[in-house]
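Enquirer: The UniProt record's numbering numbers the first residue of the sequence shown as 1 and each following residue consecutively. Structure incoming, see below.
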Amino acid sequence: MPNHELHWLAPAKVNLSLKILGKRSDGFHDLESLMVPLDLADRLIFTSSEHYSLCCDTSGVPVDETNLVTKAVRLFQDRSGKECRWKVSLEKEVPHGAGLGGGSSDAATALLALNELEGSGLAPDALAEMGAEIGSDVPFFIYQQACLIGGRGEIVTPVDRPELSGQKILLLKPAFGVDTPDAYNRWKGASPLPGVGYAPQQLPWGEIVNDLELPVFEKFRFLAEMKVWLLEQAEVDAAMMSGSGSTMMAFLSSGQAGSLLDRARKCLDPTLWSAMVTIR
Ligand SMILES: C[C@@](CO)(OP(=O)(O)O)[C@H](O)COP(=O)(O)OP(=O)(O)OC[C@H]1O[C@@H](n2ccc(N)nc2=O)[C@H](O)[C@@H]1O
Ligand SMILES: Nc1ncnc2c1ncn2[C@@H]1O[C@H](COP(=O)(O)OP(=O)(O)O)[C@@H](O)[C@H]1O
Numbered sequence: 001m002p003n004h005e006l007h008w009l010a011p012a013k014v015n016l017s018l019k020i021l022g023k024r025s026d027g028f029h030d031l032e033s034l035m036v037p038l039d040l041a042d043r044l045i046f047t048s049s050e051h052y053s054l055c056c057d058t059s060g061v062p063v064d065e066t067n068l069v070t071k072a073v074r075l076f077q078d079r080s081g082k083e084c085r086w087k088v089s090l091e092k093e094v095p096h097g098a099g100l101g102g103g104s105s106d107a108a109t110a111l112l113a114l115n116e117l118e119g120s121g122l123a124p125d126a127l128a129e130m131g132a133e134i135g136s137d138v139p140f141f142i143y144q145q146a147c148l149i150g151g152r153g154e155i156v157t158p159v160d161r162p163e164l165s166g167q168k169i170l171l172l173k174p175a176f177g178v179d180t181p182d183a184y185n186r187w188k189g190a191s192p193l194p195g196v197g198y199a200p201q202q203l204p205w206g207e208i209v210n211d212l213e214l215p216v217f218e219k220f221r222f223l224a225e226m227k228v229w230l231l232e233q234a235e236v237d238a239a240m241m242s243g244s245g246s247t248m249m250a251f252l253s254s255g256q257a258g259s260l261l262d263r264a265r266k267c268l269d270p271t272l273w274s275a276m277v278t279i280r
């Protein structure tokens, strides 16, 4: 029998709003967030094999038991009692430590793929519940559509927001990443930096706001400078960090980046990673 490759896409996300309601006794924070999937995606390639293995040649992404794909496979095997005989090749397009949920999406996609490939017939809610054991952001990626998020991330309500899909966002990310636990840990005592706007911004389709900008900008002043600089540019309607960063989103009046990226690399950082993405 020919050894077919089965391809699955694991989309990135942005948080269009992220409000922190408070710290919980288990150390997590209760959230209210609007999350949307993007057309930027990692690829997971499944090939049948004697036993499970993972390969990925992106530096900084582990291929041991700490990889979120492997965590998903182990959990699925454990719950279904089925041995997963698949070789998984992970092709990363989504930068990590970026606030774009790449690792979480890879894990959710592994669960979706195994559910189908092993014929387990689990409903999305059951897969999302499993995903929450891997990480707070994983349940959202089971649904892969605009969702309101509650709790620490495990309460996911798909919402009908057709005006969001097709919106373009310019993503800009410096070479450094941000540690998510550290961002949450420093949220409570964080102070605003002078001259930086943290208030909600209005766009034609709604409001954007991110409470994690406060602790993250305090530690990474460069991200605050990036936001201020972006908001000074004529073609930028709004700018905000996604999740715990370090990706900054620029919402453009024309939907076209034009020379903005060249100017950003010249004025801010020549090594900026960037992508023009579309909300799915
Ligand atoms: C900030 C967000 C916004 O969507 O995404 P990223 O920016 O990381 O992509 C998420 O809340 C990140 O979710 P995720 O990265 O899955 O977090 P987890 O692995 O579950 O938790 C890592 C750590 O972050 C903190 N944490 C996470 C979620 C939450 N609601 N409250 C928290 O306090 C906890 O310290 C936890 O130990
Ligand atoms: N499949 C994966 N893809 C990316 N990073 C992973 C993966 N599995 C584990 N990691 C680890 O998780 C960290 C955070 O990655 P990721 O989930 O993409 O970031 P973010 O918190 O910005 O959404 C990485 O730095 C890496 O060490």
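Quick reminder that beta carbons are idealized off the backbone N, C-alpha and C, glycines included. Nothing here was measured: the structure is a model prediction, and the numbers come from that model.
How big is the Cα-Cα spacing for Met241 and Glu207?
Expert: By one-based count along the sequence shown, residue 241 stands at place 241. By one-based count along the sequence shown, residue 207 stands at place 207. Cα to Cα, Met241 sits roughly 14 Å from Glu207.
Enquirer: How about Ala110 and Ala72: do their beta carbons lie closer than 8 Å?
Expert: Looking up residue 110 in the sequence shown gives position 110. Looking up residue 72 in the sequence shown gives position 72. Cβ distance < 8 Å, so Ala110 and Ala72 count as in contact.
Enquirer: What do you get for Thr278, buried or exposed, if any count of 16 or more other CB atoms within 10 angstroms of its CB means buried?
Expert: Translated into the one-based positions of the sequence shown, residue 278 becomes position 278. Label assigned to Thr278: exposed.
Enquirer: Does ligand 1 have even one heavy atom less than 7 Å from the beta-carbon of Asp137?
Expert: Counted from its first residue, the sequence shown places residue 137 at position 137. For Asp137, the shortest C-beta to heavy atom distance toward ligand 1 is below 7 Å.
Enquirer: Can you tell me which of the three DSSP states Pro139 falls into?
Expert: Along the sequence shown, one-based indexing puts residue 139 at 139. Helix.
Enquirer: Short of 7 Å in beta carbon distance, which residues of its chain neighbour Ala257, apart from the five on each side in sequence? Order them along the chain.
Expert: The residue you call residue 257 lines up with position 257 of the sequence shown. So the qualifying residues of the chain are Leu170 and Met276.
Enquirer: Can the beta-carbon of Ser105 be found closer than 8 Å to that of Ala175?
Expert: The count along the sequence shown starts at 1 and reaches residue 105 at position 105. The count along the sequence shown starts at 1 and reaches residue 175 at position 175. Not a contact, by the Cβ cut-off of 8 Å.
Enquirer: For the alpha helix (DSSP H) containing Leu74, name the first residue and the last one.
Expert: Here the question's residue 74 lines up with position 74 in the sequence shown. Note on identity: in this sequence residue 74 is Arg, with Leu being the wrong assignment. Per DSSP, Arg74 is one residue of the alpha helix (DSSP H) stretching across Leu68 to Ser80.
Enquirer: Could you give the uninterrupted runs of the beta strand (DSSP E) lying entirely in the region 214-254, keeping only those of 3 residues or more?
Expert: Every beta strand (DSSP E) of 3 residues or more that sits fully in the region 214-254 is shown, in chain order, as 236-241 and 248-252.
Enquirer: For ligand 4, is there a heavy atom less than 7 Å away from the beta-carbon of Ala41?
Expert: Looking at this structure, you won't find ligand 4 anywhere; what it does contain is ligand 1 and ligand 2.
Enquirer: Could you round the C-beta distance between Leu90 and Phe46 to whole angstroms and report it? I think they count as a contact, below 8 Å.
Expert: Along the sequence shown, read from residue 1 onward, the residue named residue 90 stands at position 90. Along the sequence shown, read from residue 1 onward, the residue named residue 46 stands at position 46. The pair is not a contact, with the Cβ atoms about 11 Å apart (cut-off 8 Å).
Enquirer: Does the Cβ-Cβ distance between Ala183 and Leu212 come in under 8 Å?
Expert: Your numbering for residue 183 matches position 183 in the sequence shown. Your numbering for residue 212 matches position 212 in the sequence shown. Taking 8 Å as the Cβ cut-off, Ala183 and Leu212 qualify as a contacting pair.
Enquirer: How many angstroms separate the CA atom of Asn210 from the CA atom of Asp160?
Expert: Locating residue 210 in the sequence shown gives position 210, counting from the first residue. Locating residue 160 in the sequence shown gives position 160, counting from the first residue. Cα-Cα distance, rounded: 22 Å.
Enquirer: Under DSSP, the beta strand (DSSP E) around Leu260 begins and ends at which residues?
Expert: Numbered from its first residue, the sequence shown carries residue 260 at position 260. Run containing Leu260: none in the beta strand (DSSP E); it sits in the alpha helix (DSSP H), Leu260 to Cys267.
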